[in-house]
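Start counting at 1 in the sequence shown, then tack on 399, and there's your number in my numbering.
Beta carbons are placed, not taken as given, at the ideal position from N, Cα and C, and that holds for glycine.
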Amino acid sequence: MSSPRSASRPRALTRRRFLAASAAAGAAAVLPGCGGSGGGGGGRVVIVGAGLAGLVAAYELERDGIEVVLLEARTRPGGRVQTARNAFYGEQSAELGGEYVDTKHRALLGYVRRLGLDRDNLRGLGGNLEGLVYAGGKARRYREVVTPEVQAEIDRFDARVGFLAAPLDARDPVARGAGLDRRSAADLIEELNLQGEARALVERRLRDDYTVAADRLSLLFLAARAKLYARTPPSGLDAFRIDGGNERLVGALIDEIDVKVDFDAPVTSIARRPDGVTVSIDGVREVKAEYCILTAPLPLVSEIDFRPALPRALAEAAAELQYGAATKTPLQYKRRFWVREGLDGDALTDLPIGTTWEASSAQAGQPGILMSYASGDEGRRLGRLPEGERLAAAAAQIERVFPEAERRIESGSTAAWADERWSRGSYAAYAPGQVQRFWRTLRRPVGDRIYLAGEHCDAYTGYMEGAVRSGRRAARVISRRAR
């Protein structure tokens, strides 16, 4: 993927960050059984989860005149899309969850246009500003680290991944991928004998992109993702945030649908009947409908009591599919001091905070926000700290990378997705062997009554785009059946 900056950034250092990642497949449950929407005679659909997948499904079903009941376990909509606003001065904001959108994300951008939202194009912002690499107690500019020799080694890794990706179908990589799925991304790093800075940068990029270490990432999954982006122009892709925060898309979808989201209502059981489903909330309330769209992250699906039980393959996927860990901690400073030093705020570090970037680019005002993004085991450990300690740790470590940060901090916010009750992880990241076992299973309905949606059900796994596409797809299938 291309950096939100421009092609001038060395390709070795590009990353998804929690890019669109954190896709927002909604939470695990939700709401009372009364109240619906639409009114066309196409039956009733209960949607479990009011993240992007659930909201898009509700939007599309209502357009087709189908009644919707929308349940959400949290007390807010959006799932893993969450914009921090109240923590910062000057109307600035930062994304605690899914953040970046790129030009490949056509479905999501289509809803942005349809709903009249603006987007901030981040391409080229910062001009000739540079990023840092911080390792061994020393901060160096990117260009000092990514020498032509280092870049050539990283290009060799990327070229090999591209070669492995060439015969694959990115939307169904199973058929030609058995051999690759038995291997990890770390196996390829070893095969190519990457060393030194090149190895460290590739491993850091993979951990940031997928929120797991390279030895826990299926090489087939990595190659399938590369195939999705195989036709990216040499100049790279444009990258966007939604103007005013990504939660504006959540709010716009809520405004467009008639159904009232039922919050604070975790689903505890789902029973299939010959003519529909019965969804139980908290074991007390029930919703009956002809169909169910289940958008909860899989760790939460595994907690639901299904009657009859889920097919064995799907039950195993829900219990075993790997989710990564990401902890985001945006900190606001009185001035964007990094700009005075010719820096853009990006830093790859060997510290527990992981990676940083400016979260307030394209936002007005003198203050600026640096994002700390800890992924993989680093993110899991940092996320287990109490919030106050986590904020203090992030601030102290940012000061090691950017000494000018000392005593300039204004405020901060933080989110640890692996420890968040209704997420239990950042997003799906297939471990070796899991693409062959689970990819197709997650794209099949349960009988003809329960349909899965969420970033884990789409080729754009880990992106908001994947959540949007999967929700739209499930809605369209049900609309056809209900006619």
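Residue range of the beta strand (DSSP E) that includes residue i
i    : result
I465 : Where I465 is concerned, there is no enclosing beta strand (DSSP E), given that its DSSP letter is neither H nor E.
I680 : 675 to 680
R672 : 666 to 672
G811 : 808 to 811
N520 : 518 to 520
E757 : 754 to 757
Y829 : Segment: none, Y829 is in no beta strand (DSSP E) and carries neither H nor E.
Y850 : 849 to 851
Local conformation of residue i per DSSP, three classes
i    : result
Y628 : coil
G787 : helix
G432 : Here the model assigns G432 a pLDDT of 32, short of 50, so the residue's position is not dependable and the matter cannot be decided.
P844 : coil
P802 : helix
G865 : helix
I656 : coil
Y360 : In this structure the chain extends from 400 to 882, so residue 360 is not present and cannot be described.
D749 : coil
V649 : helix
D743 : strand
R640 : strand
G448 : coil
V545 : coil
A873 : helix
D557 : helix
S771 : strand
G477 : strand
E471 : coil
F417 : Its pLDDT being 39, under 50, F417 is placed unreliably by the model, and the measurement read from it follows with that caveat. DSSP places F417 in coil when its eight states are reduced to three.
A814 : strand
E854 : helix
E552 : helix
R443 : strand
A761 : coil
Whole-Å CB distance - residue i paired with residue j, under 8 Å assumed
i    : j    : result
I656 : A457 : 5 Å
N850 : V867 : Checking the sequence shown, residue 850 turns out to be Tyr, not Asn. About 15 Å; that fails the 8 Å criterion.
L460 : S878 : 7 Å
L713 : V845 : 7 Å
I680 : Q731 : No, I680 and Q731 are not in contact; Cβ-Cβ is about 38 Å, not under 8 Å.
T667 : D704 : 6 Å
V445 : V468 : 4 Å
G811 : A486 : 7 Å
T482 : G644 : 3 Å
Y541 : E529 : 6 Å
G477 : G450 : 6 Å
D776 : A612 : 7 Å
F736 : R807 : 6 Å
A452 : S771 : Wrong, their Cβ atoms sit about 27 Å apart, outside the cutoff.
Endpoints, alpha helix (DSSP H) assigned at residue i
i    : result
G536 : Unbroken run through G536: none, as it is neither H nor E.
A506 : 505 to 513
F398 : Outside the displayed span of the chain (400 to 882) sits residue 398, for which this structure offers no information.
D776 : 775 to 782
Best match in the options for proximity to residue i [C-alpha to C-alpha]
i    : options                : result
S617 : L648, L697, A597, G723 : G723
R559 : A623, T860, V545       : A623
E494 : G682, Y533, R807, A814 : A814
N520 : E788, E854, A638       : A638
F620 : D586, A597, L579       : L579
A695 : A664, P707, L600, H504 : A664
A888 : F556, R711, R779, R640 : Residue 888 lies beyond the range of the chain shown here (400 to 882); nothing can be said about it.
Y690 : D501, R484, A873       : A873
N592 : V611, V549, L507, R604 : V549
E552 : M770, E740, E596, L747 : E596
E757 : V601, I465, Y499       : Y499
L697 : L720, R711, T677       : L720
R615 : P632, R582, E854       : R582
M863 : D463, H504, A804, R443 : H504
R882 : D463, V455, G448, V447 : D463
D517 : P566, A538, E646, G496 : E646
G576 : E805, A565, A585       : A565
S753 : Q796, G787, A717, L784 : Checking the sequence shown, residue 753 turns out to be Gly, not Ser. Closest by alpha carbon: Q796.
P729 : V455, P710, A792       : A792
S760 : I641, P831, A625, T474 : I641
K687 : D557, R672, G523       : R672
A534 : F662, Q491, A569, L600 : L600
K626 : L784, D557, S492       : D557
Below-8 Å beta-carbon distance, residue i vs any chain C residue
i    : result
V678 : Absent from the structure is chain C; it holds one protein chain and no more.
Heavy atom of the ligand FAD within 7 Å of residue i beta-carbon
i    : result
R706 : With respect to the ligand FAD, the structure offers nothing, as it holds no ligand at all.
query: Where are the alpha helix (DSSP H) runs, 4 residues long or more, that stay fully inside the stretch 682 to 739, in chain order?
result: For the stretch 682 to 739, the full-length alpha helix (DSSP H) segments reaching 4 residues or more read 697 to 700, 711 to 719, 736 to 739 along the chain.
- prompt: Which runs of the alpha helix (DSSP H) fall wholly inside the stretch 559 to 630 and span at least 4 residues, in chain order?
  reply: Runs of the alpha helix (DSSP H) inside the stretch 559 to 630: 577 to 580, 584 to 590, 595 to 609, 618 to 627.
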